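Just so it is clear: in the sequence shown, position 51 is 51 by the UniProt record's numbering, and no numbers are missing.
Note that beta-carbon positions come from the ideal geometry of N, C-alpha and C, so glycine has one too.
All of these numbers come straight from a predicted model, not from anything done at the bench.
Working notes for the structure below.
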Amino acid sequence: MKIHNFSAGPCILPQEVFEKSSQAVLNFNNDGLSILEISHRSKAFVDVMENARALALELLGLEGKGYKALFLQGGASTQFLMAAMNLMEKKAAYLNTGTWSDNAIKEAKIYGEVAEVASSKEANYNYIPKGYKVPKDCDYFHCTSNNTIFGTQIKDFPKLDMPMVCDMSSDIFSRSLDFSKFDLIYAGAQKNMGPAGTTLVVVKEEILGKVTRQIPSMMDYQTHISKGSMFNTPPVFAVYVTMLTLQWLKDLGGIAAIEKENEKKAQLIYSEIDLNPLFKGFAEKADRSIMNATFTLENDNLKDTFETMVKEANINGINGHRSVGGYRASMYNAMPLNSVGILVDVMSELERKA
Ligand SMILES: *Cc1c(COP(=O)(O)O)cnc(C)c1O
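Okay, here's the thing in structure tokens:
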């Protein structure tokens, strides 16, 4: 039975990645050993790590531009504090566009002063603030490119004379951007890249080593860079599955190719949300995410009918986050257009029935 999985994360991955990674659990590279039992220092695994790191930089167009890719643990939530610990001497600027930005701000305040340049909290984060000023005396600017919970996405990033740090957990590898504008990008793998358990960090080396505080080894990007992301035992399986997903994306034609698919999916669902009188979108139109579409029913009396129909269509994971309510369709890279079509059919069927 085919399930259409709209889960926000951990989320859908390509079927061929599930198949190859299952095979590797039983017999990796036909060596007779499982990927789960080989040494992380074995050539077979070192090749996986090197390949994953190289693919990440290649797909982002950042090869040979002074960046290093790392696969760390602790989730994007650990990056909230690691970014501040490694980069903040006194003060940093943060754009508050949702729960994850807010959490990043909370952690950064442990290490210095935070200038919150703008916030859309008063509107339950249904838009991206624009036209804000960033104080010049900040060590870096931090933003969240895609707000997974609220379904908003930054379309234009500011041009600033300071390092740009971006939490791209839920839209990395989904759309073309000039990634060289960013100095530190981080993303939990479980949204668009792999299973839970590893976090991609892409950092421009020249921004490191400038703070005076002592940084514990595990929290120091330079430790991990100097050891090729193998300072301690890396999350072997999560890195392997991520490597397979990045390879899948490269074979498809990379970010430019998947972006076209992602735009078709987003257009399909948003036009249904806009045309179907039973539904309304949550996020402001100009700021809508192409990854996570948030919407509600105009009339809650239809909730049970709609949810029964959703279930019968084998659609999984569209319940909205508790802070927004309603529904959220997460349409990450591995989601086929056809699955979005099934959801849209259910929405229009509801209109016919109601
Ligand atoms: C899910 C998410 C996080 C939290 O990631 P963890 O890996 O669970 O710590 C942070 N930022 C964004 C944008 C997210 O979507």
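Which listed residue (the options) has its alpha carbon closest to that of residue i
i, options, result
"Y240", "S42, E19, A52, L33", "A52"
"D139", "P158, A123, E113", "E113"
"S289", "K303, D300, E263, L275", "E263"
"M88", "K121, F182, I110", "I110"
"G228", "N29, I35, V17, Y67", "Y67"
"L275", "A257, E351, F80, G209", "E351"
"Y221", "K250, I185, L244, L246", "I185"
"I236", "V310, Q15, S21, D137", "The question names Ile, but residue 236 in the sequence shown is Val. Among V310, Q15, S21, D137, the Cα nearest to that of V236 belongs to S21."
"T78", "D287, M218, F295", "M218"
"V165", "F173, N319, F141, F279", "F141"
"D137", "K65, A54, P163, A44", "P163"
"G209", "Q15, N86, V46", "N86"
"A115", "P129, K130, N96, D304", "N96"
Buried or exposed (CB count within 10 angstroms, at least 16 for buried), residue i
i, result
"R213", "exposed"
"L200", "buried"
"S323", "exposed"
"Y132", "exposed"
"G32", "exposed"
"G197", "buried"
"T308", "exposed"
"D167", "buried"
"L62", "buried"
"N292", "buried"
"P135", "exposed"
"R328", "buried"
"L337", "exposed"
"D171", "buried"
"S34", "exposed"
"D251", "exposed"
"A108", "buried"
"L244", "buried"
"M1", "exposed"
"A56", "buried"
Spatial distance of residue i from residue j (CA atoms)
i, j, result
"E50", "S226", "13 angstroms"
"S272", "C143", "Residue identity differs from the one stated: residue 272 is Glu in this sequence, not Ser. If you take the alpha carbons of E272 and C143, they lie about 30 angstroms apart."
"A354", "W248", "42 angstroms"
"P277", "G253", "37 angstroms"
"K106", "W100", "10 angstroms"
"F179", "F157", "11 angstroms"
"L302", "H4", "22 angstroms"
"F231", "C11", "28 angstroms"
"D300", "I255", "38 angstroms"
"E298", "K191", "29 angstroms"
"R175", "I38", "35 angstroms"
"Q23", "A123", "47 angstroms"
"G281", "V346", "16 angstroms"
"F182", "H321", "29 angstroms"
"L26", "T152", "41 angstroms"
"A238", "E349", "39 angstroms"
"V203", "A69", "7 angstroms"
"P195", "D161", "35 angstroms"
"K90", "A313", "53 angstroms"
"V17", "A286", "34 angstroms"
Span of the beta strand (DSSP E), counted from its first residue to its last, around residue i
i, result
"K133", "K133 -> no beta strand (DSSP E), and no H or E assigned at all."
"A93", "91 to 96"
"M164", "164 to 167"
"F141", "141 to 144"
"E122", "That residue, E122, is in no beta strand (DSSP E); it is neither H nor E in DSSP."
"K260", "Where K260 is concerned, there is no enclosing beta strand (DSSP E), although the alpha helix (DSSP H) it sits in stretches over 254 to 275."
"S330", "327 to 330"
"L57", "Segment 43 to 60 is the alpha helix (DSSP H) holding L57; no beta strand (DSSP E) there."
First through last residue of the alpha helix (DSSP H) which encompasses residue i
i, result
"E107", "99 to 108"
"S174", "Here S174 belongs to no alpha helix (DSSP H), and DSSP marks it neither H nor E."
"I154", "Taken as a continuous stretch (DSSP letters only), I154 belongs to no alpha helix (DSSP H), as it is neither H nor E."
"S229", "From DSSP, S229 is part of no alpha helix (DSSP H); its letter is neither H nor E."
"G341", "337 to 353"
"K204", "Counting along the chain, K204 falls outside any alpha helix (DSSP H), though it belongs to the beta strand (DSSP E) covering 199 to 204."
"K20", "15 to 26"
"A84", "75 to 87"
"K311", "303 to 312"
Assumed close pair residue i, residue j - CB separation to whole angstroms, cut-off 8 angstroms
i, j, result
"A76", "A84", "That belief does not hold up - the Cβ atoms of A76 and A84 are roughly 13 angstroms apart, past 8 angstroms."
"F6", "G325", "Contact flag wrong, Cβ pair sits at about 16 angstroms."
"G98", "I149", "6 angstroms"
"P234", "F71", "6 angstroms"
"Y125", "N103", "Y125 to N103, Cβ: 13 angstroms. No contact."
"L13", "A266", "Not confirmed; about 19 angstroms, so no contact."
"G341", "L268", "7 angstroms"
"A283", "Y127", "7 angstroms"
"A54", "F28", "Contact doesn't hold; Cβ gap of about 20 angstroms is too wide."
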